[in-house]
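Down below is the structure, laid out as structure tokens.
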Amino acid sequence: AVDAYRIALAPPWELNPKNPQVHQEIVNAFEAKGDKFAADSAAAELATRYAPGTPWFAANEKDREAMDNQRRIAERALYAATRNTHSAATQMRKDYEASSKKDPAARDEYLAMYGKAVELYRVFVTTYPESDYVYEFTFLQGEALYWSERYPEAVAAYTWVRDHRDLGTTYYLDAARSILQSYEAEAAKQVAAGQIQPLKVPSIADLKALPTPWTPQPIPDIYIKLQSEYDNFQNIVADPKAAPGQGINAALISLAYLHIDDSIARFQKVMDKFCGAPEAAKAKDGILAIYEAQSKFDAIEATNKKFISQKCGDAAAIQLAVSQNRSLNFSRAAELYANKQYVPAAEAFYRFYKTAPPADTDLPVALYNAAVSYKLADRPKTAISLFKEFTANPAKTFRESPYYLDSMRLTAASYQAAFDYDNAIKTYVELYTLTKVAKTKGIKAPDPLPGEQPRTLEQIGLDALFNAALAAELNRDFKRAISLYTQYGGVEPDQRKQDRALWSIAGIHRQSGDVNAMIEVHEKWRKRFGASPGNEDDYVQSYYDTAALRKKKGQTPQMRAAAQATIDAWKARGAQRNSRGAKLAGEWQLQLAEDNFANTWEPYAIKTAAKTVAEAKSQNAALERQRTAAEDKYLALDPYGVAEYSMAAKVRFGDVQYGFGQKIGEAPIPVPVAKNPAAVEAYEAQRDKNLEKYLREARTNWVEVVDAAKRGGISNKWSRKALENLGREFPQEFNVLRQEIIQGTEAP
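Following the working numbering, the numbering of the sequence shown begins with 1 at its first residue and continues without gaps.
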């Protein structure tokens with residue numbers, strides 16, 4: 001049929017007024033065949049072959065009917081081709097991103113497809129500048145340019161959308177934000193290509209280490225443009241929550257290249273313009289960091305006084321400004337610590353420790369607090385050095401201080417935070433021994449840190465032994481970890497903690513891939529602790545882990561048995577809905593349903609024409625049974641009460657209805673019917689009616705999933721799948737853009 005239509009479009013009929021209608025039949029033929037790519041290519045050709053400036057247009061421009069038909073058909077065809085091409089590019093990109101193997105050819109394919117979408121958007125906007133779709137299509141052209149990594153061109157498209165609020169505001173904020181994202185992505189691209197260095201904002205220490213006077217460095221062009229756009233966002237975009245942050249970002253670019261005065265001016269602008277917002281305090285602190293590096297203490301005081309007098313922060317921020325202006329003494333350090341300003345507090349405590357008289361009884365407290373402050377500030381290496389300095393001090397005031405044991409504990413914790421697991425294990429084991437010595441000497445347990453509960457010496461020792469085992473596990477020294485967990489389980493009197501130690505041993509075997517050892521420990525755990533209240537979910541997980549490890553090893557029969565055992569375990573322990581156990585067991589229930597869907601339902605087809613009415617009924621009955629079996633497997637997900645699985649069931653229920661209609665539609669016409677043209681016509685009419693029915697049923701299920709996702713603030717693979725299905729089958733009603741259907745959380 002396509003070849004025949006193409007002959008009709010060739011000489012000597014290439015200028016015939018009805019050629020657009022004939023060309024549309026080529027598009028229809030490809031669509032009927034299911035060749036979406038060819039249909040889109042033909043539609044794109046239709047849109048351009050008869051456009052203004054072409055020989056056909058010149059020959060028929062006085063034929064009003066031909067012109068009306070050309071615009072109507074060409075615009076509609078180009079619209080569909082453009083959207084379909086963009087959608088195809090997006091799906092190809094998602095497939096590439098989801099693949100564990102990043103095939104460069106697949107990446108090139110989706111980039112090329114985005115390039116085609118860009119060109120189609122350009123043709124549409126150029127050809128139909130008065131169309132209602134120009135505003136939307138310019139934004140979508142920006143999206144396609146962005147994902148095809150043509151960021152400067154994307155900026156131009158987004159800027160046009162942002163600046164044409166007279167045409168629409170739907171994409172105003174998205175366009176404004178996307179301009180920033182495009183510049184940031186272009187900067188990252190240039191960094192990856194080695195064209196520019198990464199943007200590095202210097203710390204106070206970095207600035208102090210630089211030779212003075214500081215020499216401003218040239219700012220790369222991309223960062224100048226990005227900074228300018230940060231300014232635009234701060235000044236003209238109606239987004240009060242984000243605007244202050246963009247002003248700070250602009251200041252940081254200047255600071256990174258040592259344009260100090262400009263950086264201070266930009267920070268000051270944020271502080272003045274957004275006085276009272278949290279970013280005002282951040283801007284103030286940016287100014288103070290520069291002044292501290294320059295040792296301009298008068299400027300620090302003046303900045304803080306201005307911040308306080310104008311009440312540019314909340315009570316905590318203003319109190320911090322007050323404390324910053326106090327003299328550097330022990331009391332100021334303690335207040336900074338209480339306000340959780342850990343780095344300034346640590347510096348203050350340590351300066352006090354270094355400058356106070358040797359006989360000062362607060363020296364151990366000052367050094368200990370300095371080390372703790374650095375630890376809380378997530379500076380483990382500095383904290384380790386101070387804790388070691390504490391434990392190395394031979395003075396009696398240090399050795400008999402309650403903080404000696406805690407310094408040992410926090411030294412170990414800091415080693416662990418710095419991933420120095422060998423020293424962490426060694427220190428924890430030593431602490432376990434020292435707690436016994438301390439008890440014999442009558443040394444009391446140290447006071448707890450903020451947020452911690454008081455503990456006895458025995459508890460400190462037991463915790464140290466457990467942490468030694470945990471550090472060994474994190475270090476993947478599994479043999480030592482199992483030994484330490486076993487030792488801990490033998491001396492720990494608390495049954496729940498014994499439970500956790502044995503559970504951790506099972507987890508180690510899982511990490512090492514020793515499925516038989518894991519099963520043995522899990523059986524032991526279930527016998528001792530499986531029936532304990534609160535262990536319902538872990539009881540399910542003990543079977544789940546076996547199934548997962550079997551699956552990883554490719555042991556399908558054992559995996560299926562363990563998966564069923566997981567489901568049975570959840571039912572045996574109360575079948576609590578929407579629990580962790582429900583999620584674990586439901587995952588395998590869904591897997592079983594998905595396996596049936598992929599391996600049985602989707603491949604199933606009626607391939608031979610029924611020779612008799614009875615055979616036709618038999619074929620339809622067999623198809624019905626397959627549909628019911630697929631539906632039942634997804635209905636089995638409802639008892640779990642897990643939103644994701646319920647959404648999966650609803651999406652797949654719609655997929656099954658859609659597939660059922662497709663399978664009926666693709667079945668060969670029964671022989672008795674095929675012999676009678678009138679019967680064939682009636683058969684096909686009824687078939688088409690059935691197809692519409694099942695498509696409506698599928699649509700209902702998919703829409704329910706999308707609506708439920710919006711109501712619940714949920715975005716997951718099933719909500720996206722439903723939206724993609726709707727966008728595919730009902731593109732005029734449902735648009736699938738780069739943004740999620742909701743912003744923020746990925747749940748459950």
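Beta carbons are placed, not taken as given, at the ideal position from N, Cα and C, and that holds for glycine.
C-alpha distance - residue i paired with residue j, whole-angstrom precision
i: residue 450; j: residue 367; result: 17 Å
i: residue 462; j: residue 419; result: 22 Å
i: residue 377; j: residue 355; result: 23 Å
i: residue 568; j: residue 554; result: 22 Å
i: residue 679; j: residue 688; result: 14 Å
i: residue 411; j: residue 505; result: 26 Å
i: residue 309; j: residue 279; result: 17 Å
i: residue 551; j: residue 340; result: 47 Å
i: residue 132; j: residue 653; result: 36 Å
i: residue 326; j: residue 716; result: Residue confidence is low: residue 326 scores 46 on pLDDT, short of 50, so the model does not pin down where it sits. No coordinate-derived value is stated.
i: residue 667; j: residue 676; result: 17 Å
i: residue 627; j: residue 167; result: 48 Å
i: residue 446; j: residue 484; result: 25 Å
i: residue 284; j: residue 454; result: 38 Å
i: residue 190; j: residue 197; result: 8 Å
i: residue 470; j: residue 512; result: 15 Å
i: residue 612; j: residue 622; result: 15 Å
i: residue 684; j: residue 624; result: 19 Å
i: residue 759; j: residue 253; result: Nothing in the structure corresponds to residue 759, since the chain is present only between 1 and 748.
Whole-number beta carbon distance between residue j and residue i, since they are thought to touch under 8 Å
i: residue 547; j: residue 562; result: 4 Å
i: residue 701; j: residue 664; result: In fact, because the Cβ distance is near 18 Å, the residues do not count as touching under 8 Å.
i: residue 415; j: residue 460; result: 17 Å between Cβ atoms; not a contact.
Local conformation of residue i per DSSP, three classes
i: residue 609; result: coil
i: residue 164; result: coil
i: residue 240; result: coil
i: residue 420; result: coil
i: residue 276; result: coil
i: residue 326; result: Because the pLDDT of residue 326 is 46, which lies under 50, any placement of that residue in the model is unreliable, and the question is left without a value.
i: residue 391; result: helix
i: residue 54; result: coil
i: residue 269; result: helix
i: residue 259; result: coil
i: residue 201; result: coil
i: residue 485; result: helix
i: residue 734; result: coil
i: residue 642; result: coil
i: residue 650; result: helix
Neighbour-count burial assignment, residue i, 16 or more Cβ in a 10 Å radius
i: residue 635; result: exposed
i: residue 413; result: buried
i: residue 295; result: exposed
i: residue 379; result: buried
i: residue 321; result: buried
i: residue 224; result: exposed
i: residue 44; result: buried
i: residue 30; result: buried
i: residue 387; result: buried
i: residue 495; result: exposed
i: residue 328; result: Legend: pLDDT at residue 328 = 37, less than 50; position of this residue unreliable, no value from coordinates given.
i: residue 287; result: buried
i: residue 297; result: exposed
i: residue 491; result: exposed
i: residue 165; result: exposed
i: residue 178; result: buried
8 Å Cβ cutoff met for residue i and residue j
i: residue 156; j: residue 146; result: no
i: residue 162; j: residue 151; result: no
i: residue 526; j: residue 544; result: no
i: residue 364; j: residue 401; result: yes
i: residue 646; j: residue 638; result: yes
i: residue 17; j: residue 63; result: yes
i: residue 75; j: residue 135; result: no
i: residue 602; j: residue 659; result: yes
i: residue 430; j: residue 408; result: yes
i: residue 120; j: residue 90; result: no
i: residue 657; j: residue 694; result: yes
i: residue 263; j: residue 290; result: yes
i: residue 80; j: residue 113; result: no
i: residue 256; j: residue 226; result: no
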